[in-house]
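Trainee: Here you go, one structure.
2 protein chains.
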Amino acid sequence: MNIGEIAKRAGVSRSTVSYALSGKRSVSEETRRKIQQVIDELGYRPNASARALANGRTSTIGLVFPPAGNHYTGMQLDFIGSVVEAAAVHDYDVLLSPSGADSDRSFQRLLGERRVDGAILMEIRLEDDRVEHLAELDFPSVAIGRTAHPENGWWVSLDHTALAAACVHHLADLGHRRVAFVNRPEQLLQAGYESAHRGLDGFTKAAAERGLTVRTYCCGDDAASGQACLERILHDDPATTALVTLNEAALGGLYRGLARAGRHVPRDFSVTGVVASRWAETVTPQLTAADVPAEEMGRRAVDLLVERIEQPAAPGRHHLLTPPISLRASTGPATGTSRPGT
Amino acid sequence: MNIGEIAKRAGVSRSTVSYALSGKRSVSEETRRKIQQVIDELGYRPNASARALANGRTSTIGLVFPPAGNHYTGMQLDFIGSVVEAAAVHDYDVLLSPSGADSDRSFQRLLGERRVDGAILMEIRLEDDRVEHLAELDFPSVAIGRTAHPENGWWVSLDHTALAAACVHHLADLGHRRVAFVNRPEQLLQAGYESAHRGLDGFTKAAAERGLTVRTYCCGDDAASGQACLERILHDDPATTALVTLNEAALGGLYRGLARAGRHVPRDFSVTGVVASRWAETVTPQLTAADVPAEEMGRRAVDLLVERIEQPAAPGRHHLLTPPISLRASTGPATGTSRPGT
DNA sequence: CTCCTTGCTCGAACCGGTTCGACACCTCGC
DNA sequence: GCGAGGTGTCGAACCGGTTCGAGCAAGGAG
Numbered sequence: 001m002n003i004g005e006i007a008k009r010a011g012v013s014r015s016t017v018s019y020a021l022s023g024k025r026s027v028s029e030e031t032r033r034k035i036q037q038v039i040d041e042l043g044y045r046p047n048a049s050a051r052a053l054a055n056g057r058t059s060t061i062g063l064v065f066p067p068a069g070n071h072y073t074g075m076q077l078d079f080i081g082s083v084v085e086a087a088a089v090h091d092y093d094v095l096l097s098p099s100g101a102d103s104d105r106s107f108q109r110l111l112g113e114r115r116v117d118g119a120i121l122m123e124i125r126l127e128d129d130r131v132e133h134l135a136e137l138d139f140p141s142v143a144i145g146r147t148a149h150p151e152n153g154w155w156v157s158l159d160h161t162a163l164a165a166a167c168v169h170h171l172a173d174l175g176h177r178r179v180a181f182v183n184r185p186e187q188l189l190q191a192g193y194e195s196a197h198r199g200l201d202g203f204t205k206a207a208a209e210r211g212l213t214v215r216t217y218c219c220g221d222d223a224a225s226g227q228a229c230l231e232r233i234l235h236d237d238p239a240t241t242a243l244v245t246l247n248e249a250a251l252g253g254l255y256r257g258l259a260r261a262g263r264h265v266p267r268d269f270s271v272t273g274v275v276a277s278r279w280a281e282t283v284t285p286q287l288t289a290a291d292v293p294a295e296e297m298g299r300r301a302v303d304l305l306v307e308r309i310e311q312p313a314a315p316g317r318h319h320l321l322t323p324p325i326s327l328r329a330s331t332g333p334a335t336g337t338s339r340p341g342t
Numbered sequence: 001m002n003i004g005e006i007a008k009r010a011g012v013s014r015s016t017v018s019y020a021l022s023g024k025r026s027v028s029e030e031t032r033r034k035i036q037q038v039i040d041e042l043g044y045r046p047n048a049s050a051r052a053l054a055n056g057r058t059s060t061i062g063l064v065f066p067p068a069g070n071h072y073t074g075m076q077l078d079f080i081g082s083v084v085e086a087a088a089v090h091d092y093d094v095l096l097s098p099s100g101a102d103s104d105r106s107f108q109r110l111l112g113e114r115r116v117d118g119a120i121l122m123e124i125r126l127e128d129d130r131v132e133h134l135a136e137l138d139f140p141s142v143a144i145g146r147t148a149h150p151e152n153g154w155w156v157s158l159d160h161t162a163l164a165a166a167c168v169h170h171l172a173d174l175g176h177r178r179v180a181f182v183n184r185p186e187q188l189l190q191a192g193y194e195s196a197h198r199g200l201d202g203f204t205k206a207a208a209e210r211g212l213t214v215r216t217y218c219c220g221d222d223a224a225s226g227q228a229c230l231e232r233i234l235h236d237d238p239a240t241t242a243l244v245t246l247n248e249a250a251l252g253g254l255y256r257g258l259a260r261a262g263r264h265v266p267r268d269f270s271v272t273g274v275v276a277s278r279w280a281e282t283v284t285p286q287l288t289a290a291d292v293p294a295e296e297m298g299r300r301a302v303d304l305l306v307e308r309i310e311q312p313a314a315p316g317r318h319h320l321l322t323p324p325i326s327l328r329a330s331t332g333p334a335t336g337t338s339r340p341g342t
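Order-wise, the sequence lines are chains A and B.
Residue 233 in UniProt numbering sits at position 233 of the first sequence, and the numbers go up by one each step.
Residue 14 in UniProt numbering sits at position 14 of the second sequence, and the numbers go up by one each step.
Here it is as structure tokens:
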């Protein structure tokens, strides 16, 4: 069942079998046929470990994401799926590694033990030791998200600043004056997660520009936290008429909170944010939102990574995406006391 | 950066370094210290491919699930997450393989090329060529789900028959007489997916036992299909007062359809089914459902697989789980014309 | 007819680990 | 004082591929 066995049965040397399979040297048509016949008979496939050892490539890429304590969001799911499918197109397998930090054992295994040819990192922080470490080592990697200094890096990222700002402008255009912002959980913000920071930034600046009165909140990644968060919002300022959220997992809870408070969406209260379309379409009314193109991002990340693996000296490349807001049914003109005066 | 380099710098042979690391033969304290010091200095980690080649184990398990066209359900996500975490506990990495059939290229890679020591299969069909093939090869694998002939196999499965029946009994106890069943998509049923078949079976038998009038439907794995399905249900029999669903992804659409039709849940219409708790809690009102213990199932599957890898001769083991129905807010007593006469 | 190229094949070395058998040295018991 | 037994180390072989250099035969050019 190894290459020597094939060689023996085909009456040739091991190297000839190897060349017949790889095509790196010419092999006579007759020999090739004979070898192929033996291979088909025995169902032989070359051992991946041996091949990896010999030519220094594993044909595997690592997908690194934080161990979220079984709290993966729908967006992460979409990324995983699209990365796996895109990698299959390039004949790469995908190894999952639940590592939040440079020092995690699983991360060390991937790199130190050379289990993968390259890595895709998710859930990037503004200052991210994983990204820095990989850059120093010149290890092929692509980030989904970008650090505070993304200039020469390899990454695919949403422009959360612009997206949050677009949500604000959308609401301001509809006449909303008092708007809340629902961010990812407190600990993620404190850890420096880039989407949480840039989203907050974009929201705050755009709101200031439009002269809105705002409050910002952090919210756990689940429905119960969403509901609690919404109660806090209405308690802190009952005149609030709209919110922007980056927190997909809290969405169901936010909606429930609004229903409990007797606020009809979108008549009494508008909701928008940054959410993958298949989740935006799950809630009722369907969410007007900047649709996260997870499938495209995963595919682009893989394409960049493969490119980088195959020519390691190339300069950094990246894609900054700003998907438009899809108008669905969760936002409407402001009514009542908060109608714009000017 | 390889073991020879370490040996040279420590002034010993390669085998001594290997024994110092593995502990399989005794090494003097002094030698061990010297070796460790060199290793620490250089940040050496043994190459995974070389090690896998030498001792025939990759310390990787494969997680095989169908390429759902980027339509992964929340339940699949939960499985993936829990499998990855459980595997990390046993020092295994997880390789994802999007393969629905025995013949898929990615599946062949995993097995033929010996990339993994064992595999966990998801989305099992009643007659599943992957399961049969692996059993014939005596390749260590554990299924999440079970085929039509599960007797000697290794698997972790929900008892969908019992769960669907429990949902029926719950509704019948509340007085519902006309109940619909919302299954996974048509093509999955036709392909023989076990959960769809056994769930349908359990539903149908229990309904007959309780003398209920039922209709059964297949429904796409997304909100729009769920909404369309609900419209069909009410069109086919407007007197329907409850439904049971196995289709988590359609849930949001089913709720939306009910809202559109002016049926209040749970006052006018009861909804229940088999859904992971975190998704059941996302919708409003929260779904009364048999909670899929995805985390536990993933962990048990990994535990079984590791056990099987480590002692290959052991007889088949399995876990059949029947989680209870969690009472939340989506079911209530039947009202109006469909109140039970007897 | 010879020389050179080209096509095809082989043996050997290598990738970076693990493991087996052998051996040198030391200690202990008699 | 000598053999038995244990400890620590080494060299060599092996896992299953890839790749390099060389050799041989056939064919074409001079």
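Glycine residues also receive a C-beta, built at the ideal position from the N, C-alpha and C atoms.
Keep in mind it's a predicted model, so treat the numbers as computed, not measured.
Would you verify that the beta carbon of N47 (chain A) is, or is not, closer than 9 angstroms to some beta carbon of chain B?
Mentor: On the first sequence, position 47 is the one that residue 47 (chain A) refers to. N47 (chain A) counts as touching chain B.
Trainee: What in chain B is Cβ-close to D138 (chain A), meaning under 9 angstroms?
Mentor: Within the first sequence, residue 138 (chain A) is the residue found at index 138, counting from 1. Correct list: empty, because the minimum Cβ distance to chain B is about 14 angstroms.
Trainee: Give, in chain order, every residue of the region 97-111 of chain B whose Cβ lies closer than 9 angstroms to some Cβ of chain A.
Mentor: Cβ contacts with chain A: S97, P98, R105, S106, Q108, R109, L110, L111.
Trainee: Alpha carbons only, please: which of A:P315, A:A290, A:E307 is nearest the one belonging to P324 (chain A)?
Mentor: The residue given as residue 324 (chain A) occupies position 324 in the first sequence. Nearest option by C-alpha distance: A:A290.
Trainee: What distance in whole Å lies between the Cβ atoms of A294 (chain B) and M75 (chain B), which are believed to be in contact at a cut-off of 8 angstroms?
Mentor: Against the second sequence, residue 75 (chain B) aligns to sequence position 75. Against the second sequence, residue 294 (chain B) aligns to sequence position 294. The pair is a contact, with the Cβ atoms about 6 angstroms apart (cut-off 8 angstroms).
Trainee: Which of helix, strand or coil does DSSP assign to A314 (chain A)?
Mentor: Reading the first sequence from its first residue, position 314 is the one you call residue 314 (chain A). A314 (chain A) falls in the coil class under three-state DSSP.
Trainee: Can you have a look at N152 (chain B) and say buried or exposed, based on whether 16 or more other CB atoms are within 10 angstroms of its CB?
Mentor: The count along the second sequence starts at 1 and reaches residue 152 (chain B) at position 152. Counting Cβ neighbours within 10 Å, N152 (chain B) comes out exposed, since fewer than 16 surround it.
Trainee: Can you tell me the Cα-Cα spacing of S195 (chain A) and G145 (chain A), whole angstroms?
Mentor: Within the first sequence, numbered from 1, the residue matching residue 195 (chain A) stands at position 195. Within the first sequence, numbered from 1, the residue matching residue 145 (chain A) stands at position 145. Rounded to whole angstroms, S195 (chain A) to G145 (chain A) spans 8 angstroms at the Cα level.
Trainee: Is M1 (chain B) buried or exposed, if buried means 16 or more other CB atoms sit within 10 Å of its CB?
Mentor: By 1-based counting over the second sequence, the position of residue 1 (chain B) is 1. Flag for M1 (chain B) reads exposed.
Trainee: Does chain B have any CB closer than 9 angstroms to the CB of G4 (chain A)?
Mentor: Here the question's residue 4 (chain A) lines up with position 4 in the first sequence. False, the Cβ-Cβ gap to chain B never drops below 9 angstroms.
Trainee: For E281 (chain A), return the contacting residues in chain B, with the cut-off set at a CB-CB distance below 9 angstroms.
Mentor: Reading the first sequence from its first residue, position 281 is the one you call residue 281 (chain A). Within chain B, the residues near E281 (chain A) are D222, A223, A224, G252, G253.
Trainee: Tell me which residues share the same chain as D93 (chain A) and place their Cβ nearer than 6 angstroms to its Cβ, disregarding the 5 neighbours each side in the sequence.
Mentor: Within the first sequence, numbered from 1, the residue matching residue 93 (chain A) stands at position 93. For D93 (chain A), where only same-chain residues beyond five positions count, the Cβ hits under 6 angstroms are T60.
Trainee: Going along the region 83-95 of chain A in order, which residues come within less than 8 angstroms of chain B, judged by CB to CB distance?
Mentor: Result list: V84, E85, A88, D93, V94, L95.
Trainee: Let me know the secondary structure DSSP gives S270 (chain A) once reduced to three states.
Mentor: Looking up residue 270 (chain A) in the first sequence gives position 270. It is a strand residue.
Trainee: What residues of chain A sit near T288 (chain B), judged by a beta carbon separation below 7 angstroms?
Mentor: Taking the first residue of the second sequence as 1, we reach residue 288 (chain B) at position 288. Ordered by position in chain A, no residue passes the 7 angstroms Cβ test against T288 (chain B), which lies about 15 angstroms from the chain.
Trainee: Rounded to whole angstroms, what's the CA-CA distance from S99 (chain A) to R109 (chain A)? Just pull it up for me.
Mentor: On the first sequence, residue 99 (chain A) is found 99 positions in, with the first residue counted as 1. On the first sequence, residue 109 (chain A) is found 109 positions in, with the first residue counted as 1. Rounded to the nearest angstrom, the two C-alpha atoms are 11 angstroms apart.
Trainee: Residues bridged to C218 (chain B) by DSSP?
Mentor: Here residue 218 (chain B) corresponds to residue number 218 of the second sequence, with the count starting at 1. C218 (chain B) is bridged to B:N183.
Trainee: Tell me the DSSP secondary structure of V275 (chain B) in three-state form.
Mentor: Stepping through the second sequence from its first residue, residue 275 (chain B) is reached at position 275. Strand at V275 (chain B).
Trainee: Suppose the cutoff is 8 angstroms on Cβ atoms and the five residues either side in sequence are ignored; what does the same chain contact list for residue 361 (chain A) look like?
Mentor: Residue 361 (chain A) is absent from the structure shown; chain A starts at 1 and stops at 342.
Trainee: If the criterion is Cβ atoms closer than 9 angstroms, does the pair A180 (chain A) and V244 (chain A) meet it?
Mentor: Within the first sequence, numbered from 1, the residue matching residue 180 (chain A) stands at position 180. Within the first sequence, numbered from 1, the residue matching residue 244 (chain A) stands at position 244. Yes, these two residues count as a Cβ contact at 9 angstroms.
Trainee: Applying the criterion that 16 or more other CB atoms from any shown protein chain within 10 Å of the CB defines a buried residue, is residue 359 (chain A) buried or exposed?
Mentor: Only positions 1 to 342 of chain A appear in this structure, which leaves residue 359 (chain A) out of reach.
Trainee: Between the alpha carbons of L304 (chain B) and I80 (chain B), how many angstroms are there, rounded?
Mentor: If you number the second sequence from 1, residue 304 (chain B) lands on position 304. If you number the second sequence from 1, residue 80 (chain B) lands on position 80. About 16 angstroms.
Trainee: By a C-beta neighbour count over all protein chains shown, 10 Å radius and 16 as the cutoff for buried, is A208 (chain A) buried or exposed?
Mentor: Counting from 1 along the first sequence, the entry for residue 208 (chain A) is found at position 208. Answer is exposed; the Cβ neighbour count stays below 16.
Trainee: For a contact meaning CB atoms closer than 9 angstroms, what does A80 (chain A) contact in chain B?
Mentor: Here residue 80 (chain A) refers to the residue found at position 80 when the first sequence is read from its first residue. Looking at the sequence provided, one finds Ile at residue 80 (chain A) rather than Ala. In chain order: Y72, L77, I80, L96.
Trainee: Can the beta-carbon of L258 (chain B) be found closer than 9 angstroms to that of G273 (chain B)?
Mentor: Position 258 of the second sequence, counting from 1, holds the residue named residue 258 (chain B). Position 273 of the second sequence, counting from 1, holds the residue named residue 273 (chain B). No, these two residues do not count as a Cβ contact at 9 angstroms.
Trainee: Contact criterion: CB-CB distance below 9 angstroms. Does A20 (chain B) meet it with respect to chain A?
Mentor: Working through the second sequence from its first residue, we reach residue 20 (chain B) at position 20. By this cut-off, A20 (chain B) is not an interface position.
Trainee: Could you compute how far the alpha carbon of D104 (chain A) sits from the alpha carbon of E231 (chain B)?
Mentor: Residue numbering aside, residue 104 (chain A) sits at position 104 when the first sequence is read from its first letter. Residue numbering aside, residue 231 (chain B) sits at position 231 when the second sequence is read from its first letter. Spanning the two alpha carbons is a distance of roughly 50 angstroms.
Trainee: What is the DSSP secondary structure of L320 (chain A), counted as helix, strand or coil?
Mentor: Here the question's residue 320 (chain A) lines up with position 320 in the first sequence. Residue state, collapsed to three classes: strand.
Trainee: Measuring straight from C-alpha to C-alpha, what distance separates G192 (chain A) and L134 (chain A)?
Mentor: Here residue 192 (chain A) corresponds to residue number 192 of the first sequence, with the count starting at 1. Here residue 134 (chain A) corresponds to residue number 134 of the first sequence, with the count starting at 1. When rounded, the distance between both Cα atoms is 19 angstroms.
Trainee: Select from A:N55, A:D222, A:P185, A:S97 the residue whose C-alpha is nearest the C-alpha of E85 (chain B).
Mentor: Taking the second sequence and counting its residues from 1, one reaches residue 85 (chain B) at position 85. Nearest option by C-alpha distance: A:S97.
Trainee: Roughly how many angstroms separate the alpha carbons of S338 (chain A) and R125 (chain B), rounded to a whole number?
Mentor: Your numbering for residue 338 (chain A) matches position 338 in the first sequence. Your numbering for residue 125 (chain B) matches position 125 in the second sequence. Per-residue confidence for S338 (chain A) stands at a pLDDT of 42, beneath the threshold of 50, marking its modelled position as unreliable; the derived number appears in the next sentence. Going by the C-alpha atoms only, they are around 57 angstroms apart.
Trainee: Check whether chain A comes within 9 angstroms of E113 (chain B), counting only Cβ atoms and requiring the distance to be less than that.
Mentor: Residue 113 (chain B) sits at position 113 when you count from the first residue of the second sequence. For E113 (chain B), the answer is yes, since a Cβ of chain A falls inside 9 angstroms of its Cβ.
Trainee: Please report whether the beta-carbon of G43 (chain B) lies at a distance below 9 angstroms from any beta-carbon of chain A.
Mentor: The count along the second sequence starts at 1 and reaches residue 43 (chain B) at position 43. Yes, because at least one Cβ of chain A sits closer than 9 angstroms to the Cβ of G43 (chain B).
Trainee: Leaving out the 5 sequence neighbours to the left and right, which residues in its chain are closer than 7 angstroms to R14 (chain A) when beta-carbon positions are compared?
Mentor: Locating residue 14 (chain A) in the first sequence gives position 14, counting from the first residue. Excluding sequence neighbours, R14 (chain A) sits near I3, G4, A7.
Trainee: Can you name the start and end residues of the beta strand (DSSP E) that L243 (chain B) belongs to?
Mentor: Mapped onto the second sequence, residue 243 (chain B) falls at position 243. Start and end: 242-245.
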